[in-house]
Amino acid sequence: MALHIHEACILLLVIPGLVTSAAISHEDYPADEGDQASSNDNLIFDDYRGKGCVDDSGFVYKLGERFFPGHSNCPCVCALDGPVCDQPECPKIHPKCTKVEHNGCCPECKEVKNFCEYHGKNYKILEEFKPSQAQQRKKERKKERKKERKKERKKERKKERKKEKKKKKKKKKKKKKKKKKKKKKKKTKG
Numbered sequence: 001m002a003l004h005i006h007e008a009c010i011l012l013l014v015i016p017g018l019v020t021s022a023a024i025s026h027e028d029y030p031a032d033e034g035d036q037a038s039s040n041d042n043l044i045f046d047d048y049r050g051k052g053c054v055d056d057s058g059f060v061y062k063l064g065e066r067f068f069p070g071h072s073n074c075p076c077v078c079a080l081d082g083p084v085c086d087q088p089e090c091p092k093i094h095p096k097c098t099k100v101e102h103n104g105c106c107p108e109c110k111e112v113k114n115f116c117e118y119h120g121k122n123y124k125i126l127e128e129f130k131p132s133q134a135q136q137r138k139k140e141r142k143k144e145r146k147k148e149r150k151k152e153r154k155k156e157r158k159k160e161r162k163k164e165k166k167k168k169k170k171k172k173k174k175k176k177k178k179k180k181k182k183k184k185k186k187k188t189k190g
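Position 120, counted from 1, in the sequence shown is what UniProt numbering calls 120; the numbers after and before it change by one each time, with no gaps.
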């Protein structure tokens with residue numbers, strides 16, 4: 001039944017949009033603007049407070065009715081104080097879980113990985129392996145490049161700080177010179 005009411009509401013909202021503006025004109029309604037404004041004040045809207053719950057899409061549920069809000073997979077029950085949503089303690093998902101499904105209220109692990117993958121090769125859990133010499137050299141070169149870049153950045157920052165200090169010193173010297181000139185001018189005037 002709630003579905004039929006919902007469809008009827010949608011139909012009532014869509015029909016005015018289908019009517020052209022030429023079909024509805026102010027000449028069809030001879031009442032002046034003052035009468036129209038006062039008639040709008042007499043409209044009565046149903047008060048749903050304490051009688052139902054509204055979900056994210058604006059759908060109203062009766063007291064005691066069970067529904068699923070848009071932001072959660074857990075069910076809620078409409079109560080006088082608003083929706084009451086049960087949040088059960090969900091079991092922890094295993095760290096080796098590779099596929100998680102969110103069909104119900106709690107996420108479920110659907111696939112557990114019992115191997116380790118490294119550069120396209122699969123290894124058993126706790127199986128020891130060493131990267132090839134080429135991979136080790138590549139890794140070492142990468143580390144060296146990273147260190148070099150870090151040193152270069154450090155040098156650049158140091159140079160920038162020195163430049164900033166020099167600029168500040170020059171500004172201070174200029175200010176001191178200006179102050180001395182002002183003092184000399186005051187002494188010569190006095």
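All residues carry an ideal CB built from backbone N, CA and C; glycine is no exception. Bear in mind the structure is a predicted one, so any value in this text is a computation, not a measurement.
Query - Simplified DSSP assignment, three categories, for residue 164 - result: DSSP places residue 164 in the helix class (H, G or I) of the three-state scheme.
Report task. Output the distance between the C-alpha atoms of residue 174 and residue 168, rounded to the nearest integer angstrom. Result -> Going from the Cα of residue 174 to the Cα of residue 168 covers about 10 angstroms.
Query raised in the report: Tell me the DSSP bridge mates of residue 78?
Result: Paired residues: 83.
Requested in this report: Tell me whether the beta-carbon of residue 105 lies closer than 9 angstroms to the beta-carbon of residue 72.
Outcome: In contact: residue 105 and residue 72 (Cβ atoms closer than 9 angstroms).
Report task. Would you check if the distance between the CB atom of residue 90 and the CB atom of residue 111 is smaller than 9 angstroms? Result -> No, these two residues do not count as a Cβ contact at 9 angstroms.
Query - Pick from 142, 77, 186 and 119 that is closest to residue 131, judged by C-alpha positions - result: Ranking 142, 77, 186 and 119 by CA distance to the CA of residue 131 puts 119 first.
Requested in this report: Could you pull out every residue in the same chain whose Cβ sits closer than 8 angstroms to the Cβ of residue 134, ignoring the five residues on either side in sequence?
Outcome: So the list is empty, once near-sequence residues are dropped.
Query raised in the report: Going by DSSP, what residues sit across from residue 122 in a beta bridge?
Result: Here residue 122 is bridged, per DSSP, to 117.
Query raised in the report: Is the beta carbon of residue 67 less than 9 angstroms from the beta carbon of residue 83?
Result: Contact: yes.
Query - Nonlocal neighbours in the same chain, by C-beta distance under 8 angstroms from residue 94, ignoring five residues either side - result: Setting aside the 5 residues that flank it on each side, residue 94 is surrounded in the same chain by 109 and 112, each with a C-beta closer than 8 angstroms to its C-beta; the list follows chain order.
Query raised in the report: Looking at C-alpha atoms only, which residue of 80, 57 and 79 is the closest neighbour of residue 69?
Result: Checking every option, the nearest Cα to that of residue 69 belongs to 57.
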